[in-house]
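Just so we're aligned: the sequence shown equals residues 48 to 470 in our numbering. Every residue gets a Cβ at the ideal spot worked out from N, C-alpha and C, and that includes glycine. Model, not experiment: these values are computed from the prediction. A short write-up of the structure that comes next.
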Amino acid sequence: MSIFDQRESDIRGYCRTYPVVFDTAYNARQTDESGKQYIDFFAGAGVLNFGHNNANMKQAMIDYLQRDGVTHSLDMHTTAKREFIDAFVSTILEPRNMPHKLQFIGPTGTNAVEAALKLARRATGRQEVVAFTRGFHGMTLGSLACTANQYFRGAAGVPLNHVSHQPYGCETPCQGCTLGCGLDSLEKLRANYLDGSSGLTPPAAFIVEVIQAEGGVNVASHQWLQALQTLAKDVGALLIVDDIQVGCGRTGTYFSFDDMGLDPDIICLAKGLGGMGTPIAMNLIKPEIDKLWSPGEHTGTFRGQGLSFVAGREAIRYFEDDKLMDEVRAKAKEMRATLSGLITHCQGIQLRGRGMILGLDVGSGDKAKAIVEQCFQEGLLVSACGSGGRVIKLIPPLTIDDADLKQGLKTLCDIINQMWETA
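Structure follows, in structure tokens:
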């Protein structure tokens, strides 16, 4: 029995899917302690957008450590934080005419969501928040109340109050969906808010993922998102976009909502923001809302991570020109073309997603689990998500080599084809 089995909590999950001890990693490959290599189409659940041990980030962090740069600072000013803020504002915000303030929360996405919910309730004086079916927003109690998955919610041990869930407006309805997704649901909600006898009052905020990564790679339609934004403004609620897993270039643009005509009041970022796997979370907040905070009113010990700022500043360099995003769009096109070819031969599979986050709905959790296990045996790391774990999610590093991308896709397609042929 290993030390992990003897001493690590039984709550561990991913190690059960990938039951080896990993030792080294670079870009889109991980190597276990026996020397076997794996192509990584999981990328730390979207943390490693720029690959394992990104050379530029690694060198910048080494240089920073060697000169005794400040590694922890709470929310004090540091040169590393200043360089990150300067770069983010000039490269990401100013070209989009976004006036948003940067609030650093530590150190993960759920912390960002918690802070966003607090501020929305402060800004509106309301308690209720509207989230959406199949959404995932984190594991702490406030963000867990917004999360739809009953398996996760069941661990709370207390009621998860002050959040209601409405149908998500999928671009393409999910297989077997019975939730009434689409514009009609928003119009019914609007009518209820306007009806003084409905028993429903407008919420503090609507919180939404443009692409529901953990929920099954469900993509919201542009029309539905714009209607949601209009509804939020009309009833005096905030629009919070949770871009934690699908932001930072994952869709071929920095934000998942770029070019959609959306103007969120709060944007939650984490995961790929730090670039190197170093923890960081940040909310972008419109100034008139941010000013409602009092100093120190929402805090966190690890919101001043120097190494995260250093690596994150290097990540921003990828967006100073169009080179990486052009590559992402080209790789996304190849991924979609390959998988579209697969599903023409394998009846009953649905392909969803955008950019370099794609999902294959294979119809059942048992099938998805078998595919994940066989991929692992063949040296490919993929994960399952969605209702009943029925969706194979593909989120390779944006920097993956073309050869690794092709090999990984071939491995996946060969396994699925063989499974369907023998079914």
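- For the pair Trp-271 and Arg-237, the Cα-to-Cα distance works out to about 13 Å.
- Sequence-distant Cβ neighbours of Val-438 in its own chain, meaning closer than 7 Å and more than five residues away, are Gly-263, Val-264, Gly-406, Leu-407, Asp-408, Ala-415, Ala-431, Cys-432.
- Between Glu-175 and Ala-92, the gap from beta carbon to beta carbon reaches 8 Å or more.
- When DSSP reads this structure, Phe-179 sits in a beta bridge with Gln-213.
- When the alpha-carbon of Glu-261 is set against those of Phe-179, Asp-306, Val-117, Ser-81, the nearest one is in Phe-179.
- Taking one beta carbon from each stretch, the stretch 278-292 and the stretch 108-120 have fewer than 3 pairs nearer than 8 Å; the two do not touch.
- Contact annotation: Phe-183 and Val-257 have beta-carbon atoms that are not nearer than 8 Å.
- Leu-316: not part of any alpha helix (DSSP H); member of the beta strand (DSSP E) spanning 313-316, first to last residue.
- By the CB criterion at 8 Å, Tyr-365 and Phe-97 fall inside the cutoff.
- Where Arg-364 is concerned, the enclosing alpha helix (DSSP H) starts and stops at 353-364.
- A direct Cα-to-Cα measurement between Leu-316 and Asp-306 gives close to 18 Å.
- Here Leu-286 is bridged, per DSSP, to Phe-253.
- Annotation for Phe-131: the continuous alpha helix (DSSP H) segment containing it runs 126-135.
- In the structure shown, Lys-165 adopts helical secondary structure according to DSSP, grouped into three states.
- If the five residues before and after Phe-69 are omitted, its C-beta is found closer than 6 Å to the C-beta atoms of Gln-77, Asp-79, all from its own chain and listed in chain order.
- Annotation: the continuous beta strand (DSSP E) that includes Val-438 extends over 438-441.
- Glu-161 counts as buried, since at least 16 other C-beta atoms from the protein chains shown sit within 10 angstroms of its C-beta.
- Gly-189 is positioned such that its CB atom lies closer than 8 Å to that of Leu-164.
- For Leu-405, the uninterrupted beta strand (DSSP E) segment begins and ends at 404-408.
- Counting every other CB atom within 10 Å of its CB across the protein chains shown gives Leu-241 a total below 16, marking it as exposed.
- Gly-455 is not a Cβ neighbour of Val-375, given a cutoff of 8 Å.
- Within 10 angstroms of the beta-carbon of His-147 lie 16 or more other beta-carbons, which makes it buried.
- DSSP, read as helix, strand or coil, puts Cys-193 in helix.
- The Cβ neighbour count for Ile-58, taken over all protein chains shown within 10 Å, is under 16; the residue is labelled exposed.
- Taking the Cβ atoms as the reference, Phe-302 lies roughly 17 Å from Phe-131, outside the contact range of under 8 Å.
- Note: Asp-79 is bridge-paired with Phe-69 in the DSSP secondary-structure output.
- Counting only residues of its own chain and dropping the five nearest sequence neighbours on each side, Asp-337 has a CB closer than 6 Å to the CB of Lys-148.
- With respect to Ala-90, Pro-443 sits close: the two C-beta atoms are nearer than 8 Å.
- Taking Asp-451 as the centre and dropping the five residues before and after it, the same chain places the C-beta of Ala-75, Ile-86 closer than 6 Å to its C-beta, in chain order.
- Using a 10 angstroms sphere on the CB of Tyr-198, the tally of other CB atoms stays under 16, which defines it as exposed.
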